[in-house]
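>
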Amino acid sequence: PNPFSGATTIRFSLPESSYITLEVRDIQGNIVDILLEDTITSGDHAVFWNPLAETAGVYYLLLKTKDNTEIRKMMLMR
2 PNPFSGATTI RFSLPESSYI TLEVRDIQGN IVDILLEDTI TSGDHAVFWN PLAETAGVYY
62 LLLKTKDNTE IRKMMLMR
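Residue numbers (the numbering used here): 2 to 79.
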């Protein structure tokens, strides 16, 4: 859910197997956390993120494949 408080589950789907990078970035574009860097099979996936050391605010989730980059805005509430 967005906004979220504490930990959250990030869900995404891939149409085909691909090497992906799943990153969380702050409002300035700095990498806060790298959640995944691996080859993932096609289908639905879920990754758990628990931002214990992060402050409340806006974060961006970047899902990068060799052909595409998707960005989602997330709001962390404390």
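Every residue gets a Cβ at the ideal spot worked out from N, C-alpha and C, and that includes glycine. A quick note: this is a predicted structure, and the numbers were derived from the prediction, not measured.
1. Identify, in the order they occur along the chain, each residue of the same chain with its Cβ nearer than 6 Å to the Cβ of threonine 70, setting aside the five sequence neighbours on each side.
2. Does DSSP put lysine 67 in a helix, in a strand, or in coil?
3. Between the C-alpha atoms of serine 14 and leucine 64, what's the straight-line distance to the nearest angstrom?
4. Near arginine 79, which residues of its chain fall below 6 Å by C-beta distance, leaving aside the five closest residues on each side in sequence?
5. Check this for me: beta carbons of leucine 62 and valine 25, under 7 Å apart or not?
A quick look at the data gives this:
1. none
2. Lysine 67 falls in the coil class under three-state DSSP.
3. Their backbone Cα atoms lie some 10 Å apart in a straight line.
4. If we look at arginine 79 and ignore the five residues flanking it on each side, its Cβ neighbours are Ala57.
5. yes
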